[in-house]
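Adding 127 to a residue's 1-based position in the sequence shown gives its number in our numbering. Note that the Cβ used here is the ideal one computed from N, Cα and C, for glycine as well. Please read these numbers as outputs of a predicted model, since none were measured by experiment.
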Amino acid sequence: CDAGSYVDQTGQFECKLCPANALSPIGSKKLQDCYCTPGYVGDPATGLPCTACKINYYKANPGIGSCVACPPKSFTYLTASSSIQDCYCEPGYYAVGLDQGQLTCERCLPGYFCKGGHAAMARCPTGMWSTAGNDTCQECPFGSELADVPQSGTVQDCLCARGYYSANNDASPPCAPCPTGFFKASTGLSSCLSCPAGTYAQVSPAVSTDSCKVCSGTYA
Numbered sequence: 128c129d130a131g132s133y134v135d136q137t138g139q140f141e142c143k144l145c146p147a148n149a150l151s152p153i154g155s156k157k158l159q160d161c162y163c164t165p166g167y168v169g170d171p172a173t174g175l176p177c178t179a180c181k182i183n184y185y186k187a188n189p190g191i192g193s194c195v196a197c198p199p200k201s202f203t204y205l206t207a208s209s210s211i212q213d214c215y216c217e218p219g220y221y222a223v224g225l226d227q228g229q230l231t232c233e234r235c236l237p238g239y240f241c242k243g244g245h246a247a248m249a250r251c252p253t254g255m256w257s258t259a260g261n262d263t264c265q266e267c268p269f270g271s272e273l274a275d276v277p278q279s280g281t282v283q284d285c286l287c288a289r290g291y292y293s294a295n296n297d298a299s300p301p302c303a304p305c306p307t308g309f310f311k312a313s314t315g316l317s318s319c320l321s322c323p324a325g326t327y328a329q330v331s332p333a334v335s336t337d338s339c340k341v342c343s344g345t346y347a
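If you want it as C-alpha cells, here you go:
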C-alpha cells in the first residue's frame, strides 16, 4: 500500500486509508501503523484519532507527542500549527532566535517601535518618541520638539520649539506661540523675548529678531 494507507487482512485487494490527518509508511499492514501528522495530536493510548493543536499551540514532529505552547508574548493565527515559525510575537515585542529554530519575544526598547510578528525592532523616526513596549512612535505635543536627541523614550524630552514658550515656565509642554511683539530663537528656553526697542514682530510664532520689523508711524 502507498503511504497513508494500509491493508490488515490476507487476500484484501483494496488498501484502507488512514484516519484524517494521519499518515503511515509504505506497505503498512495495520491501523496502528498510522500516525498523526505535524500540527495534530492523537489519543495517548491509541495514537488516534488525530486532533488539531489548539490556537497558540504547535506540534512540529509527526507521531506520538504533545502540542507545545508558543513562547510567552506570542500567539498563532490558526489551529493545527506545525512549527514554532507559526508563533508570532505580540505588538510591542520583537522576535529573537528564529534563525536558530527558537523564538523569544523581547519587549521593545524606549525610542523604538515593534510591530510584532517576526519583525525586528525598529528605531523611531527622527523627532518622535516611544516608551518601552510600544508598537508605534508618537510626535511631540503641539509646539514642541526633541532638542538634544534624534529619538527618545519619553515625552519629557520634548521641549518647546523656537517661537513657542512653556505655559509651565520650565521649557516643557504645553507650549503656546509667542505673543505678537515677542520671539524665541532657541528650542528649550522657557520664555519669549521682547523685540528690540523700536521694532515689533507682526507674525506669531516669531523665531528670531529677523521677525522684528522697525515700527512705522509716529508715537508720542
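>> Could you compute how far the alpha carbon of residue 166 sits from the alpha carbon of residue 197?
In response: Cα atoms of residue 166 and residue 197: separation of roughly 13 Å, rounded to the nearest angstrom.
> Does the beta-carbon of residue 157 have 16 or more other beta-carbons within 10 angstroms, so that it is buried, or is it exposed?
Replying inline: By the C-beta density criterion, residue 157 is exposed, having fewer than 16 other C-beta atoms within 10 angstroms.
> If we call anything under 7 Å between Cβ atoms a contact, is residue 243 one with residue 272?
Replying inline: Their beta carbons are not under 7 Å apart, which means residue 243 does not touch residue 272 by this criterion.
> Who are residue 201's beta bridge partners in DSSP?
Replying inline: By DSSP's assignment, residue 201 forms a beta bridge with 216.
> If residue 306 sits next to residue 268, beta carbons under 8 Å apart, how far is it from one beta carbon to the other, in whole angstroms?
Replying inline: In fact, because the Cβ distance is near 19 Å, the residues do not count as touching under 8 Å.
> Roughly how many angstroms lie between the CA atoms of residue 186 and residue 160, to the nearest whole one?
Replying inline: Within the model, the alpha-carbon separation for residue 186 versus residue 160 is close to 19 Å.
> How about residue 232 and residue 200: are their beta carbons less than 7 Å apart?
Replying inline: Yes, these two residues count as a Cβ contact at 7 Å.
> Taking the C-alpha atoms as reference points, what is the distance between residue 340 and residue 250?
Replying inline: Between residue 340 and residue 250, the C-alpha separation is close to 42 Å.
>> Here's a check: name, in chain order, each residue in its chain whose Cβ is nearer than 7 Å to the Cβ of residue 178, leaving out the five neighbours to either side.
In response: 167 and 168.
> Name the DSSP bridge partner or partners of residue 304?
Replying inline: Listed as beta-bridge partners of residue 304 by DSSP are 291.
> Exposed or buried, what is residue 325 when buried is set at 16 or more other beta-carbons lying within 10 Å of its beta-carbon?
Replying inline: Answer is exposed; the Cβ neighbour count stays below 16.
> Since residue 177 is in the beta strand (DSSP E), which residue starts that stretch and which ends it?
Replying inline: First-last of the beta strand (DSSP E) with residue 177: 177-179.
>> For residue 271, report the span of its beta strand (DSSP E) as first-last.
In response: For residue 271, the uninterrupted beta strand (DSSP E) run begins and ends at 271-273, by DSSP.
> Thinking C-alpha only, which one of 295, 151, 223 and 240 is nearest residue 259?
Replying inline: Nearest C-alpha to residue 259: 240.
>> With the cut-off set at 7 Å, would you say residue 334 and residue 280 are in Cβ contact?
In response: No, the Cβ-Cβ distance between residue 334 and residue 280 is not below 7 Å.
>> Using a 10 Å radius around the Cβ and a threshold of 16 neighbouring Cβ atoms, would you call residue 347 buried or exposed?
In response: Because the pLDDT of residue 347 is 40, which lies under 50, any placement of that residue in the model is unreliable, and the question is left without a value.
> With a Cβ-Cβ cutoff of 7 Å, do residue 286 and residue 294 count as a contact?
Replying inline: No.
>> Tell me the DSSP secondary structure of residue 282 in three-state form.
In response: Helix, per DSSP.
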